[in-house]
Structures are given as C-alpha cells and as structure tokens.
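Heads up: the structure comes next, in structure tokens.
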Amino acid sequence: MRDYKTIDIWKNVDIEEWNDWKWQVKNRIVSAEQLSKVIDISGKEQQEINACLKKFRMAITPYYSTLIDPDDINCPVRIQSIPSAKELIIQENDMSDPLGEEKDSPVENIVHRYPDRVLFLLTHKCSMYCRHCTRRRMVGEEDFSIGEETLDKAIEY
C-alpha cells in the first residue's frame, strides 16, 4: 500500500479527511484522466478505459487506489477496479443476471431467495464499482436511491 501523501493530488489531505468515508466517496476516481494522476497508465490503457466508460462506470475511492501496485499491470486490485476492454466483449452465453435475482424479486429492490430472509437493495450506488460485479444491470448507471413509494412497497412485502 502506498502512502497517499506521496501522490500529488492528495499530498495536502489531512489524516482526518483521508479517514472520513464521506470524503472518500466524494473524491472517488471516475475518469481515466483522474486515474492517470494516481498511477501511470499507457495511452492504450487510457483509450480502453474511456471506451469502457461509455458503457460502464468506474469509481475507485482514493484509499482503494493506494492498494494498487503501480508497477504491476497484473495487480489483483488493479484488475478488480480499473476498466478493461475485455469488459466490452459479450459472449453468447453471458447473462445480464448471472445470480438469477430477477426471478426471485417479488417487488422492486427485494430479492427473496430463502424462506427466512430477503435482500433489500436500498441504493444502486457503490463506493467502488468492481469490474466483476454481478449486478451491473442495475448499479453504476446513476447514483440512485429508492423512492419512498418503492420503499413502502418493499417494507410491506
């Protein structure tokens, strides 16, 4: 893990801010240009990221970006967080809902797969959009939280 103070864009951030989750979310890296200020990315990689961002969002918290080994293009954290052109290759057998959650959704934003519990999806916003996300069909398009009517229906269920 790199010391965030060694990265120019964060060198003046005090430790209290750095440790504040709200600051982390507010200052997420969401573009190839921002990312290039944290780690070196090649021109080709920047093009691939920009192409991918036309379809899928990227968001990496500053903290998480410091976990990326800047010298290893195969760093697992890098692969998990930075878009790749491979994401745009859709195979014939790919599924938009690989966990089959939609069939187990009796009301919007509820997944009821097991008899004694439900999964309540309150927002489509994540602090970081993992490249392997199984909910891509619903997260990342916009920062969305459910409305009161949807919330009431889900609670009633």
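At the far end of the sequence shown sits residue 1091, using the numbering used here, and the numbering has no gaps.
Positions of the beta carbon are idealized from the N, C-alpha and C atoms, including for glycine.
Checklist entry - So is glutamate 950 buried or exposed if we call it buried at 16+ other beta carbons inside 10 Å? => result Along the sequence shown, one-based indexing puts residue 950 at 16. Counting Cβ neighbours within 10 Å, glutamate 950 comes out exposed, since fewer than 16 surround it.
Item to check | Continuous alpha helix (DSSP H) assignments of at least 4 residues falling wholly in the stretch 949–1013 | outcome: 949–952, 955–960, 966–969, 977–987 and 996–999
Next on the checklist: Just to confirm my understanding: we take arginine 936, look at its own chain, exclude 5 residues before and 5 after, and list those with CB closer than 6 Å. What are they?
Outcome noted: Residue numbering aside, residue 936 sits at position 2 when the sequence shown is read from its first letter. For arginine 936, the CB contacts under 6 Å within the same chain, skipping 5 residues up- and downstream, are Thr1000 in chain order.
Next on the checklist: The alpha helix (DSSP H) that contains isoleucine 1089, what's its start and end?
Outcome noted: Here residue 1089 refers to the residue found at position 155 of the sequence shown. Looking at the DSSP string, the run of the alpha helix (DSSP H) that includes isoleucine 1089 is 1082–1090.
Checklist entry - Per DSSP, which one or two residues make a beta bridge with threonine 1057? => result The residue labelled residue 1057 in the question sits at position 123 within the sequence shown. Per DSSP, Ser1079.
Item to check | isoleucine 943 in three-state terms, based on DSSP | outcome: For the purposes of this step, residue 943 is identified with residue 9 of the sequence shown, where counting begins at 1. It is helical.
Item to check | Straight-line Cα distance separating glycine 1034 from isoleucine 1080 | outcome: Here residue 1080 is taken as the residue at index 146 of the sequence shown, counted from 1. Here residue 1034 is taken as the residue at index 100 of the sequence shown, counted from 1. If I take the Cα positions, the gap works out to 21 Å.
Item to check | Straight-line gap, arginine 1070 to threonine 940 (C-alpha atoms, nearest Å) | outcome: Taking the first residue of the sequence shown as 1, we reach residue 1070 at position 136. Taking the first residue of the sequence shown as 1, we reach residue 940 at position 6. C-alpha separation (whole angstroms): 33 Å.
Next on the checklist: According to DSSP, valine 1045 sits in a beta bridge with which residue or residues?
Outcome noted: Position 111 of the sequence shown, counting from 1, holds the residue named residue 1045. For valine 1045, which the question treats as bridged, DSSP gives the partners Leu1053.
Item to check | Rounded separation between isoleucine 994 and leucine 969 - CA only | outcome: Reading the sequence shown from its first residue, position 60 is the one you call residue 994. Reading the sequence shown from its first residue, position 35 is the one you call residue 969. Roughly 9 Å between the two C-alpha positions.
Next on the checklist: Please state whether the Cβ-Cβ distance between arginine 1047 and glutamine 1014 is less than 8 Å.
Outcome noted: By one-based count along the sequence shown, residue 1047 stands at place 113. By one-based count along the sequence shown, residue 1014 stands at place 80. Contact: no.
Next on the checklist: Which same chain residues end up closer than 7 Å to threonine 1068 when comparing Cβ atoms and leaving out the 5 residues on each side of it in sequence?
Outcome noted: The residue given as residue 1068 occupies position 134 in the sequence shown. Around threonine 1068: Pro1032 and Leu1033.
Checklist entry - Is the beta carbon of methionine 992 less than 8 Å from the beta carbon of proline 1017? => result In the sequence shown, residue 992 corresponds to position 58, counting from 1. In the sequence shown, residue 1017 corresponds to position 83, counting from 1. Yes, the Cβ-Cβ distance between methionine 992 and proline 1017 is below 8 Å.
Checklist entry - If serine 1061 sits next to valine 959, beta carbons under 8 Å apart, how far is it from one beta carbon to the other, in whole angstroms? => result As a position in the sequence shown, residue 1061 is number 127, starting the count at 1. As a position in the sequence shown, residue 959 is number 25, starting the count at 1. That belief holds up - the Cβ atoms of serine 1061 and valine 959 are roughly 5 Å apart, short of 8 Å.
Item to check | C-alpha gap between valine 1052 and lysine 945, whole angstroms | outcome: Numbered from its first residue, the sequence shown carries residue 1052 at position 118. Numbered from its first residue, the sequence shown carries residue 945 at position 11. So the two alpha carbons sit approximately 43 Å from each other.
Item to check | Cβ separation of leucine 1022 and alanine 985, assumed to be a contact under 8 Å, to the nearest whole Å | outcome: Position 88 of the sequence shown, counted from the first residue, corresponds to residue 1022. Position 51 of the sequence shown, counted from the first residue, corresponds to residue 985. Yes, leucine 1022 and alanine 985 are in contact; Cβ-Cβ is about 7 Å, under 8 Å.
Checklist entry - Would you say valine 1041 and tyrosine 1091 are within 8 Å of each other, going by their C-beta atoms? => result Here residue 1041 corresponds to residue number 107 of the sequence shown, with the count starting at 1. Here residue 1091 corresponds to residue number 157 of the sequence shown, with the count starting at 1. Against a cut-off of 8 Å, the Cβ pair of tyrosine 1091 and valine 1041 comes out as a contact.
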